[in-house]
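Visitor: In the working numbering, each residue carries its 1-based index in the sequence shown increased by 115.
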Amino acid sequence: MRLEDGRLLHWYEWGPAAGTPIIFCTGAAMSGWLGFGIDCLVEHNVRLLAPDRPGLGRSNPHPDKTLASWADDMWQFCAFNRLDPVLTVGFSQGAPFALALADSGLVSAAAIVSGQDDLRHPQLRPLLAPDVETMLAAIEQDSAKFEQDMAAMATPEGFWDLIIGMSSERDRRLYESPD
Numbered sequence: 116m117r118l119e120d121g122r123l124l125h126w127y128e129w130g131p132a133a134g135t136p137i138i139f140c141t142g143a144a145m146s147g148w149l150g151f152g153i154d155c156l157v158e159h160n161v162r163l164l165a166p167d168r169p170g171l172g173r174s175n176p177h178p179d180k181t182l183a184s185w186a187d188d189m190w191q192f193c194a195f196n197r198l199d200p201v202l203t204v205g206f207s208q209g210a211p212f213a214l215a216l217a218d219s220g221l222v223s224a225a226a227i228v229s230g231q232d233d234l235r236h237p238q239l240r241p242l243l244a245p246d247v248e249t250m251l252a253a254i255e256q257d258s259a260k261f262e263q264d265m266a267a268m269a270t271p272e273g274f275w276d277l278i279i280g281m282s283s284e285r286d287r288r289l290y291e292s293p294d
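Structure representation (structure tokens):
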């Protein structure tokens, strides 16, 4: 669909067209292609809609993207698809995006699954995996350089490598499966 500002918004969906609509906010660097519970949607009468956030997948980037601009996009998306009422699920780093939808009043309920926490919290920091701790240390040492390095890595291949490299063996098998 075309948003009011001319950008293209792409999404994937599963389940019955008349089912309860749920907007799925995927995690970091994931397009809407990643659904969940596909085999259960008909049984539970759920229509799962997974938009590609701006700049991910097939959606055009937003030059000044914020959580508020994401919510604005989703208001347009829901109007276009005649979704009312609507729910949301935020997975991992999709959690803030789901919470933005709740804060905007668009959704009547939000579920957060494995939501991203503040990794700098003193009680959480000692529990982090070594590669995540290394990343935080790099941010604290030189945030501008870290941002520059991340921007250089921000390619589909770079994000794929990041996701695969930080996933469990079981998840890697699933992600790399040709099915």
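Each residue gets a CB set at the ideal place from its N, CA and C atoms; glycine is no exception. Computed from a predicted model, the values in this text were never measured in an experiment.
Quick one: what's R71 bridged to in DSSP?
Guide: Given that the chain is displayed from residue 116 to residue 294, the structure contains no residue 71 and the question cannot be resolved.
Visitor: Let's see if you can read the secondary structure: which residues bound the beta strand (DSSP E) around F206?
Guide: Position 91 of the sequence shown, counting from 1, holds the residue named residue 206. That run of the beta strand (DSSP E) goes L202 to F206.
Visitor: Given a cut-off of 9 Å on the beta-carbon distance, is the pair L124 and Q191 in contact?
Guide: Here residue 124 corresponds to residue number 9 of the sequence shown, with the count starting at 1. Here residue 191 corresponds to residue number 76 of the sequence shown, with the count starting at 1. It is a contact, given that the beta carbons lie within the stated cut-off.
Visitor: Could you give the C-beta distance for V222 and L234, rounded to a whole number, given that I count them as a contact under 8 Å?
Guide: Taking the first residue of the sequence shown as 1, we reach residue 222 at position 107. Taking the first residue of the sequence shown as 1, we reach residue 234 at position 119. With a Cβ gap of about 26 Å, V222 and L234 do not count as contacting.
Visitor: Is DSSP giving A213 helix, strand or coil here?
Guide: In the sequence shown, the residue the question calls residue 213 occupies position 98. Helix, per DSSP.
Visitor: Per the contact definition of three or more C-beta pairs closer than 8 Å, is the segment 181–198 in contact with the segment 149–160?
Guide: With the cut-off at 8 Å, the segment 149–160 and the segment 181–198 do not touch.
Visitor: Bridge partners for I227 per DSSP, in chain order?
Guide: For the purposes of this step, residue 227 is taken as the residue at position 112 of the sequence shown. Answer is G205.
Visitor: From the DSSP output, in three-state form, read off V247 for me.
Guide: Reading the sequence shown from its first residue, position 132 is the one you call residue 247. Of the three classes helix, strand and coil, the one that applies to V247 here is helix, per DSSP.
Visitor: Output the residue ranges of the alpha helix (DSSP H) runs that lie fully inside the segment 137–203 and measure 4 residues or longer, sorted by chain position.
Guide: Fully enclosed alpha helix (DSSP H) runs of 4 or longer: 182–196.
Visitor: In this structure, what does DSSP give as the bridge partners for T135?
Guide: The residue labelled residue 135 in the question sits at position 20 within the sequence shown. BP columns for T135 point to V161.
Visitor: If I follow the unbroken alpha helix (DSSP H) through G130, where does it start and stop?
Guide: Position 15 of the sequence shown holds residue 130. No alpha helix (DSSP H) contains G130, which DSSP labels as neither H nor E.
Visitor: Could you give the DSSP three-state label for K220: helix, strand or coil?
Guide: Here the question's residue 220 lines up with position 105 in the sequence shown. Just to set this straight, residue 220 is Gly in the shown sequence, not Lys. In this structure, G220 counts as coil in the three-state DSSP scheme.
Visitor: Any idea if R288 is buried or exposed, counting beta-carbon neighbours within 10 angstroms, 16 or more meaning buried?
Guide: As a working mapping, residue 288 is identified with position 173 in the sequence shown. Exposed is the call here.
Visitor: What's the C-alpha gap between P169 and F274?
Guide: In the sequence shown, counting from the first residue as 1, residue 169 sits at position 54. In the sequence shown, counting from the first residue as 1, residue 274 sits at position 159. Between P169 and F274, the C-alpha separation is close to 15 Å.
Visitor: Could you give the DSSP three-state label for M268: helix, strand or coil?
Guide: Here residue 268 refers to the residue found at position 153 when the sequence shown is read from its first residue. It is helical.
Visitor: Can you name the start and end residues of the alpha helix (DSSP H) that L239 belongs to?
Guide: Residue mapping note: residue 239 aligns to position 124 of the sequence shown, counting from 1. Neither: L239 is in no alpha helix (DSSP H) and is coded neither H nor E.
Visitor: By Cβ distance, which residues of its chain are closer than 7 Å to L216, with the 5 residues on each side in sequence left out?
Guide: Taking the sequence shown and counting its residues from 1, one reaches residue 216 at position 101. So the list reads I138, A186, M189, T203, V222 and A225, once near-sequence residues are dropped.
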